[in-house]
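All residue numbers for the sequence shown refer to our numbering, where the first residue is 2 and numbers rise by one.
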Amino acid sequence: MTGQTGAGQAGQVIFTRGGVPESLHRVHVAVVDAGRRQVAACGDADLVTFPRSSSKPVQALPLALAAPELPGDELAIACASHAGTPEHLAVVARLLARSGSTVEDLRCGTHPPFDPAAAADLIRRGEQPTPLHHNCSGKHAGMLLACVLNGWPREGYTEQPHPLQLRIRELHADLGGVAMDDVHVGTDGCSVPALALPLHGMARVFARLAAPAESLAGPLAPALERVFGAMTAHPLLIAGPGRLDTTLMSLVPGLAAKMGAEAFYGMALRETPRGPLGVAFKVQDGGERARPHVALAMLEALGVPVTAELRALAPNVQYNWAGREVGTAEVELPLRWA
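Below, the structure written as structure tokens:
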């Protein structure tokens with residue numbers, strides 16, 4: 002079931018300087034309700050694109066299904082693109098230990114912590130980052146535990162032929178309401194398969210996350226409910242201090258939000274005038290500075306109150322480092338309602 006409304010005029014975020022347009026970011030949006038019906042779109046809802054880390058709530062489902070008693074903070078870190086703070090690392094280490102795994106078993110690679118204070122602390126101590134500091138280490142720790150609990154080998158857990166990755170691809174197709182052939186496979190920055198599917202499919206995934214009991218039967222509904230509950234109960238673990246996911250979920254009741262690289266974004270909204278909704282959008286050129294502007298514009302368009310605290314995440318007036326006003330950011334989202 003797709004229910005696309007077809008392609009139309011794309012949205013855009015325009016940054017100006019001195020009254021002159023300086024950059025323009027095209028935006029594609031899909032909105033799906035709890036009945037899996039696409040209710041709004043902007044641009045091309047059929048656009049096949051990579052959700053990247055916005056897939057993490059789905060990638061954590063095999064773990065949620067296999068470990069129904071897993072503490073919420075550990076399930077949250079399995080959905081996270083964390084910032085490498087001490088709090089993040091402690092939860093990842095606890096999750097990793099559950100499968101009898103160590104840092105050496107993580108196949109995500111290594112990068113410095115996203116959190117500036119955590120990165121500076123490593124430098125002060127003269128230490129190098131490890132795979133534990135990688136923003137995807139929680140996802141990988143969760144994948145290792147899912148393998149152990151399902152009787153799958155830990156070896157090769159990042160490879161597409163592995164039973165875990167095959168199951169994750171099936172879940173994207175099932176939850177997104179698309180055929181398996183419509184879920185294309187690449188390789189993500191952390192070496193697991195990156196799955197591309199139509200934008201309306203990912204909106205449908207987030208709609209199911211917003212209202213699992215209304216759209217699913219069997220064990221998937223309670224598993225998705227646990228994922229939603231973990232994300233919304235532990236927003237600081239999903240991203241980190243000052244980052245968009247954490248701030249939005251802290252300020253908007255009933256919202257589970259997850260960013261993906263190259264300016265993808267997914268939102269599961271439980272409390273809107275139209276009922277539960279799933280939103281997926283892609284800033285086509287990967288311009289991530291446009292993402293918070295689109296996220297706030299979508300919340301407003303869907304009837305979610307946007308407070309001054311929320312507006313501060315994406316100010317219309319742009320300032321330079323000396324505090325001088327230098328330009329504006331304008332959002333245009335010509336949503337087509339079904």
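Using N, Cα and C, we set each Cβ at its ideal position, and we do this for glycine too.
Just so you know, these numbers come straight off a predicted model, no measurement behind them.
Q) How many angstroms separate the CA atom of Gln-161 from the CA atom of Val-193? A) Residue mapping note: residue 161 aligns to position 160 of the sequence shown, counting from 1. Residue mapping note: residue 193 aligns to position 192 of the sequence shown, counting from 1. In this model, Gln-161 and Val-193 are separated by some 8 Å (Cα to Cα).
Q) Can we say the region 135-147 touches the region 91-110, given the rule of at least three CB pairs closer than 8 Å? A) Contact holds: three or more Cβ-Cβ distances are below 8 Å.
**Q.** Buried or exposed (CB count within 10 angstroms, at least 16 for buried), Asp-182
**A.** The residue given as residue 182 occupies position 181 in the sequence shown. It counts as exposed.
Q. Taking Thr-86 as the reference, which of Pro-114, Gln-60 and Gly-110 has the closest Cα?
A. In the sequence shown, residue 86 corresponds to position 85, counting from 1. Looking at the Cα atoms, Pro-114 is the closest of the given residues.
Q | Buried or exposed by the 16-neighbour rule on C-beta atoms within 10 Å, applied to Val-253 | A | What you label residue 253 is simply residue 252 of the sequence shown in a count that begins at 1. It counts as buried.
Q: Starting from the C-beta of Leu-66, find all residues in its chain whose C-beta is less than 7 Å away, skip the five residues before and the five after it, and write them out in chain order.
A: Within the sequence shown, residue 66 is the residue found at index 65, counting from 1. A distance below 7 Å between beta-carbons, with the five flanking residues on each side excluded, links Leu-66 to the following residues of its chain, in chain order: Pro-220 and Ala-224.
Q. Can you tell me whether DSSP reads Cys-365 as helix, strand or coil?
A. Summary: the structure shown does not reach residue 365, with the chain confined to residues 2 through 339, and so no result is reported for it.
Q.
Just verifying my parser: in three-state terms, what is the DSSP assignment at Ser-24?
A. Within the sequence shown, numbered from 1, the residue matching residue 24 stands at position 23. Ser-24 falls in the strand class under three-state DSSP.
**Q.** Validate contact between the region 13-27 and the region 319-331 using beta carbons, cut 8 Å, 3 pairs
**A.** When Cβ pairs closer than 8 Å are counted between the two stretches, the region 13-27 is seen to touch the region 319-331, the count reaching three or more.
Q: Report the residue from Leu-311, Thr-233 and His-134 whose alpha carbon sits nearest the alpha carbon of Arg-108.
A: Counted from its first residue, the sequence shown places residue 108 at position 107. Ranking the options by Cα distance to Arg-108, first place goes to His-134.
Q: Please go through the same chain and pick out, in chain order, the residues whose beta-carbon is closer than 8 Å to the beta-carbon of Asn-321, but skip the five residues on each side of it.
A: Locating residue 321 in the sequence shown gives position 320, counting from the first residue. These residues qualify, in order along the chain: Val-327.
(Q) I'd like the span of the beta strand (DSSP E) that includes Val-327, first residue to last. (A) If you number the sequence shown from 1, residue 327 lands on position 326. Segment 326-333, the beta strand (DSSP E) holding Val-327.
Q.
Once the 5 residues before and after Thr-6 are set aside, which same chain residues still bring their CB inside 7 Å of it?
A. Numbered from its first residue, the sequence shown carries residue 6 at position 5. Its pLDDT being 44, under 50, Thr-6 is placed unreliably by the model, and nothing is read from it.
Q. Are there 16 or more other CB atoms within 10 angstroms of the CB of Gly-152, so buried, or fewer, so exposed?
A. Against the sequence shown, residue 152 aligns to sequence position 151. Exposed, by the Cβ-count rule.
Q.
Which of the three DSSP states is assigned to Gln-5 in this structure?
A. By 1-based counting over the sequence shown, the position of residue 5 is 4. Caution applies to Gln-5, whose pLDDT of 43 falls short of 50 and renders its modelled position unreliable; the value that the coordinates give is listed next. Residue state, collapsed to three classes: coil.
Q. From this set, Ala-195, Gly-177, Leu-176 and Leu-150, which residue's C-alpha is nearest Gln-166's C-alpha?
A. In the sequence shown, the residue the question calls residue 166 occupies position 165. With distances taken between Cα atoms, Gln-166 lies closest to Ala-195.
(Q) On the DSSP letters alone, give me the boundaries of the alpha helix (DSSP H) that Met-144 sits inside. (A) What you label residue 144 is simply residue 143 of the sequence shown in a count that begins at 1. Met-144: member of the alpha helix (DSSP H) spanning 138-151, first to last residue.
Q. For Gly-243, does the count of other Cβ atoms within 10 angstroms reach 16, so buried, or fall short, so exposed?
A. Sequence index remark: in the sequence shown, residue 243 carries index 242 (1-based). Label assigned to Gly-243: exposed.
Q.
Between Pro-316, Ile-239 and Leu-71, which has its C-alpha nearest Leu-150's C-alpha?
A. Numbered from 1 along the sequence shown, position 149 holds the residue referred to as residue 150. Considering only alpha carbons, the answer is Leu-71.
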